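A.B. asks:
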Amino acid sequence: MRVNLSLSHWERGVWRVVLCLLGVLYSIAADAQMSTTAPAHPAAAGPAAGCNLALAGRVADHETGQLLPGATARLLETNDVSAADEFGNYHFHVCPGLYHLEISFVGYRPETVEVRVSSATVRNFQLHPDAVLLQGALVRGQRVAAPVPQATATLSGSALQATRGQALGEALLKVSGVSAIQTGPSVFKPMIHGLHSNRVALFNNGVRQEGQQWGQEHGPEIDPFVAARLTVVKGAAAVRYGADAMGGVVLAEPAALPDSAGVSGEGHLVGASNNGLGAASFTLQGTAKQVPGLAGRVVGTVRRAGSAATPDYRIANSGLAEYSYAGTLGYERERWGTELFFSQYNARLGLYPLPENARAAQRNTPRVAQDFTYAINRGYQDLQHTLLKLRSFYRLGERNGRLELTVAQQWDDRSEYDKFRPRNDATAARNLPELDYRNATSTAELRWEPKPWGSVSGELGLSGTYQNNTYRPGSRFFMPYYTNQALGLYGLGRWHPGARWLLEAGLRLDRRLLNTKRPTRPAGVFTVVEEDYGYFTPAASLGAMWDASPHVTLRADVSLNQRAPAANERASQGVHGGIYEEGYDISRLPGAPPLTPETARGLSLTASWHDNPRFNGEVTLYQTSFDGYIYQTPIPEVLSVRGLFPSFRYQQTDARFRGADLLATFRLLPVLTLGVKAATVWERDITKDDYLILAPADRAETWLRYEQRASAAPRRVSGFYAQVGVQAVARQARTPRPENGQDYQDPPAGYTLLNAEAGLVAGAATRHPLSLSVSGTNLLNTRYRDYLNRYRYYLDELGRNVTVRLKLNF
99 MRVNLSLSHW
109 ERGVWRVVLC
119 LLGVLYSIAA
129 DAQMSTTAPA
139 HPAAAGPAAG
149 CNLALAGRVA
159 DHETGQLLPG
169 ATARLLETND
179 VSAADEFGNY
189 HFHVCPGLYH
199 LEISFVGYRP
209 ETVEVRVSSA
219 TVRNFQLHPD
229 AVLLQGALVR
239 GQRVAAPVPQ
249 ATATLSGSAL
259 QATRGQALGE
269 ALLKVSGVSA
279 IQTGPSVFKP
289 MIHGLHSNRV
299 ALFNNGVRQE
309 GQQWGQEHGP
319 EIDPFVAARL
329 TVVKGAAAVR
339 YGADAMGGVV
349 LAEPAALPDS
359 AGVSGEGHLV
369 GASNNGLGAA
379 SFTLQGTAKQ
389 VPGLAGRVVG
399 TVRRAGSAAT
409 PDYRIANSGL
419 AEYSYAGTLG
429 YERERWGTEL
439 FFSQYNARLG
449 LYPLPENARA
459 AQRNTPRVAQ
469 DFTYAINRGY
479 QDLQHTLLKL
489 RSFYRLGERN
499 GRLELTVAQQ
509 WDDRSEYDKF
519 RPRNDATAAR
529 NLPELDYRNA
539 TSTAELRWEP
549 KPWGSVSGEL
559 GLSGTYQNNT
569 YRPGSRFFMP
579 YYTNQALGLY
589 GLGRWHPGAR
599 WLLEAGLRLD
609 RRLLNTKRPT
619 RPAGVFTVVE
629 EDYGYFTPAA
639 SLGAMWDASP
649 HVTLRADVSL
659 NQRAPAANER
669 ASQGVHGGIY
679 EEGYDISRLP
689 GAPPLTPETA
699 RGLSLTASWH
709 DNPRFNGEVT
719 LYQTSFDGYI
729 YQTPIPEVLS
739 VRGLFPSFRY
749 QQTDARFRGA
759 DLLATFRLLP
769 VLTLGVKAAT
779 VWERDITKDD
789 YLILAPADRA
799 ETWLRYEQRA
809 SAAPRRVSGF
819 YAQVGVQAVA
829 RQARTPRPEN
839 GQDYQDPPAG
849 YTLLNAEAGL
859 VAGAATRHPL
869 SLSVSGTNLL
879 NTRYRDYLNR
889 YRYYLDELGR
899 NVTVRLKLNF
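So, in structure tokens, the structure goes:
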């Protein structure tokens with residue numbers, strides 16, 4: 099490992115500020131910790147006093163035995179509260195002693211009992227209905243997604259706050275089993291268990307993100323500040339979300355609109371040292387007291403960065419400029435409600451100017467030393483994504499359940515400017531993009547959730563999509579004109595045979611029609627080739643979830659999915675993002691088999707242990723077998739008028755993906771936690787008995803985290819934490835043999851990075867709490883390259899970076 103500790107003038111200034119901030123944070127936290135008064139009850143002393151005994155149980159209706167999720171359990175001595183989960187279970191960790199436990203639930207008489215705890219104790223409750231005449235009331239709340247058999251991970255709260263300022267694909271790297279395809283320092287595309295692009299569905303506020311997602315260098319055009327929660331479903335979810343979810347789903351979900359009169363909001367400021375990144379986001383929301391049920395929210399974000407720095411040089415033209423805004427207006431009554439959502443994302447992303455001879459650039463460090471600048475020159479991407487969504491629901495009555503309709507329209511504009519202007523002076527003066535795409539997508543979904551029948555529940559859905567992709571006449575050809583039409587029908591059923599079991603089964607059938615038009619010049623004569631493709635693609639899934647104990651949950655899921663080939667896999671051709679790409683049909687020889695839909699058979703097993711006083715974690719084992727897996731393989735470099743570029747062609751083969759994810763935490767002390775995260779993926783070409791290209795390398799991360807102990811008494815400063823971690827990524831040794839598509843360079847060496855972060859909340863007990871955090875990545879300024887970066891042939895990864903984040907609630 100090479101260590102470079104030299105600091106630029108810019109970084110020395112930032113480090114002085116950071117060290118001063120850390121000193122202030124530490125002194126304030128130490129002062130707050132010393133001022134804490136001794137607890138009045140032994141349980142308040144926390145795990146340090148041996149408070150590891152489980153006090154748990156289940157809450158049910160005395161008359162019917164029906165479980166009561168949401169019932170409240172309260173320890174009167176400590177004022178600790180536990181809400182019963184979806185299976186009616188509550189739990190505490192306490193010290194030996196005598197306690198008074200109160201159980202309450204709306205519509206039932208509360209019960210208070212005396213419980214003596216000397217070992218693990220189970221105390222179940224059966225509450226009696228309370229016949230009390232209540233005045234009329236309006237109850238509003240956020241719908242909670244039903245548990246699913248697939249492994250899921252969520253970033254929210256402080257974990258999401260620690261990623262603010264990053265792109266969506268970069269923020270998701272915090273999730274075990276998620277990696278990213280990169281193009282330079284600013285474009286990240288999420289990869290789940292080795293699958294990405296057309297096999298991973300992204301949903302923005304309940305609407306599938308549609309646009310130019312077929313490009314590996316096309317990052318998600320979503321502002322992460324709009325989302326209050328990022329959820330990753332790590333497994334096939336094609337039945338509920340469509341064929342593009344055969345590899346997983348990313349859900350960017352905003353918080354529910356407020357339901358109490360008044361105005362509130364939050365502001366974010368982010369600054370980073372490496373590329374001078376600055377980001378600001380502002381959220382304002384409220385409800386109208388004069389119009390009950392009416393609420394709204396607006397969000398605005400700007401993000402700007404300049405030239406990114408490796409340990410040895412700055413990357414030319416690597417800046418970015420983004421701005422986005424979104425607005426939501428909702429109105430809800432007792433039986434019905436409607437919500438209108440609008441968002442627009444705008445970005446200009448600089449791309450490293452690849453030289454004409456890409457092979458020579460692979461062997462040499464960039465020739466010109468670059469000074470820091472925010473200027474973005476050619477080449478770059480100019481993006482705009484607009485989403486308009488209307489969602490309405492209607493409760494059909496106690497017997498008929500709930501009906502929900504969502505209609506959305508998306509406009510995705512993508513313009514890509516090459517490094518050099520056209521050689522024709524008149525054309526160059528117009529300053530038009532070389533690639534200029536317009537994608538318009540209309541979607542609609544109708545869902546019916548009938549009233550649960552005993553222990554059986556479910557939903558039925560009908561969805562439709564119409565998509566039209568065009569490009570400006572005269573722009574360089576890469577993607578064909580195409581229209582994509584899809585109609586899908588699905589059903590999901592869930593069965594709770596007992597308090598601990600959940601069984602889920604689903605079926606889906608999609609009809610997809612694809613029409614493509616592409617120019618060609620056989621024998622020098624310009625013609626347009628128009629082709630039509632139609633497919634029925636089924637999907638089926640069967641899963642189970644078992645709560646083996648209040649602290650152990652087991653999940654199993656099997657699935658069968660099909661995905662129709664996309665337009666880029668069939669008919670793309672040309673240089674795109676510094677890579678020459680060629681679709682399967684472009685060079686298919688006469689008599690060669692046509693491109694067929696992929697068929698994937700998946701199996702996933704997950705065990706999680708949770709809510710334990712010391713050791714918690716999750717491990718997932720999975721296998722996905724493909725018939726007709728569509729992938730890109732290297733071919734001899736193509737020499738065009740723009741230069742010599744790495745070249746890839748779409749092929750089809752049988753493949754198998756196997757892997758494992760691990761996430762574990764161990765509480766060494768009440769305030770000190772050790773964490774470990776690891777992932778491995780084995781991708782095999784079954785037909786050729788070889789490995790596949792561009793698979794994530796084995797990776798692991800470990801960290802040690804200090805967290806200030808919670809206190810019942812108000813504090814000026816709370817939530818102080820400090821964490822130091824080491825991230826290690828191995829060299830990818832599982833690559834194809836030369837005769838099966840050898841890469842243009844051997845995979846880069848493995849690397850190890852040192853990271854750290856610290857933060858606190860000031861004024862947590864006030865109406866305007868302020869969150870402050872400082873984080874540092876690659877603190878040793880290690881020089882390295884990542885195998886999943888498409889620019890690994892030319893550029894090193896970023897060097898040391900320090901980020902400061904502020905969040906103010908009001």
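Sequential numbering of the sequence shown, starting at 99, is according to this note's numbering. Note that CB positions come from ideal geometry on N, CA and C, so glycine has one too. Given the structure is predicted, the values throughout are model-derived calculations rather than measurements.
1) Smallest Cα separation from D534: which of W509, R500, Y569?
2) Which one of H708, D894, G435 has the shortest CA to CA distance from V717?
3) If you draw a straight line from the C-alpha of E175 to the C-alpha of H198, how long is it?
4) If the criterion is Cβ atoms closer than 8 Å, does the pair T635 and A662 meet it?
5) Starting from the C-beta of G874, find all residues in its chain whose C-beta is less than 6 Å away, skip the five residues before and the five after it, and write them out in chain order.
6) Pull up the DSSP beta-bridge partners for E716, would you.
7) With Q280 and L886 assumed to form a contact (beta carbons below 8 Å), what rounded beta-carbon distance in angstroms separates them?
8) Measuring only the C-alpha atoms, how far is Y892 from I413?
9) Would DSSP call S647 helix, strand or coil?
10) Determine the DSSP secondary structure at Q569, reduced to helix, strand or coil.
11) To the nearest angstrom, how far is it from the Cα of P208 to the Cα of L165?
12) Looking only at C-alpha atoms, which of I728, V627, G700 sits nearest to Y720?
13) Hey, is the region 684 to 691 in contact with the region 356 to 364, meaning 3+ C-beta pairs nearer than 8 Å?
14) Using the Cβ count rule (16 or more neighbours within 10 Å means buried), how would you classify S379?
15) Helix, strand or coil, according to DSSP, for A260 in the structure here?
16) Could you give the distance in angstroms between the alpha-carbon of F908 and the alpha-carbon of Q442?
17) What does the alpha-carbon distance come out to for the pair L904 and R747?
18) What residue range does the beta strand (DSSP E) around A662 cover?
19) In chain order, what residues of the same chain lie with their CB nearer than 6 Å to the CB of W786, ignoring the 5 residues before and after it?
20) CA-CA distance, L503 and G435?
21) Check R528 in the structure and name its three-state DSSP category.
22) Between T135 and the rest of its own chain, which residues show a CB-CB distance below 6 Å, the 5 nearest in sequence each way excluded?
23) Just the C-alpha distance for A419 and P318, rounded to the nearest angstrom, thanks.
24) With DSSP run on the structure shown, which of helix, strand or coil describes N444?
25) Taking its Cβ as the centre, do 16 or more other Cβ atoms sit within 10 Å of K287, making it buried, or is it exposed?
26) Judging by CA-CA distance, which residue of G675, R653, R797, P617 is the nearest neighbour of W312?
27) DSSP state of A654, grouped into three classes?
28) DSSP state of N302, grouped into three classes?
29) Taking the CB atoms as reference points, tell me whether N177 and P711 lie closer together than 8 Å.
30) Which of the three DSSP states, helix, strand or coil, is assigned to L438?
31) Mapping the DSSP letters down to three states, classify R512 as helix, strand or coil.
32) Grouping DSSP H, G and I as helix and E and B as strand, with all else coil, what is A820?
33) Between which two residues does the alpha helix (DSSP H) containing Y678 stretch?
34) Quick check on Y339: does DSSP put it in helix, strand or coil?
35) Got a sec: is the Cβ-Cβ distance from G435 to anything in chain D below 8 Å?
36) Could you tell me the boundaries of the alpha helix (DSSP H) in which L893 lies?
C.D. replies: On the basis of the supplied data:
1) Y569
2) H708
3) 7 Å
4) yes
5) A854, V900
6) S706, L761
7) 6 Å
8) 10 Å
9) strand
10) In the sequence under discussion, the amino acid at residue 569 is Tyr, which differs from the Gln named in the question. Correct three-state label for Y569: strand.
11) 15 Å
12) G700
13) no
14) buried
15) coil
16) 25 Å
17) 46 Å
18) A662 -> no beta strand (DSSP E), and no H or E assigned at all.
19) Before going on, a small fix: residue 786 reads as Lys here, not Trp. The residues are N838.
20) 11 Å
21) coil
22) Note that T135 scores 40 on pLDDT, short of 50, meaning its location in the model is unreliable; the coordinates nonetheless yield the value given after this. So no residue of the chain qualifies.
23) 15 Å
24) strand
25) buried
26) G675
27) strand
28) strand
29) no
30) strand
31) strand
32) strand
33) Element bounds for Y678: not the alpha helix (DSSP H) but the beta strand (DSSP E), 677 to 680.
34) helix
35) Chain labels in this structure do not include chain D; a single protein chain is all it has.
36) Element bounds for L893: n/a, residue is neither H nor E.
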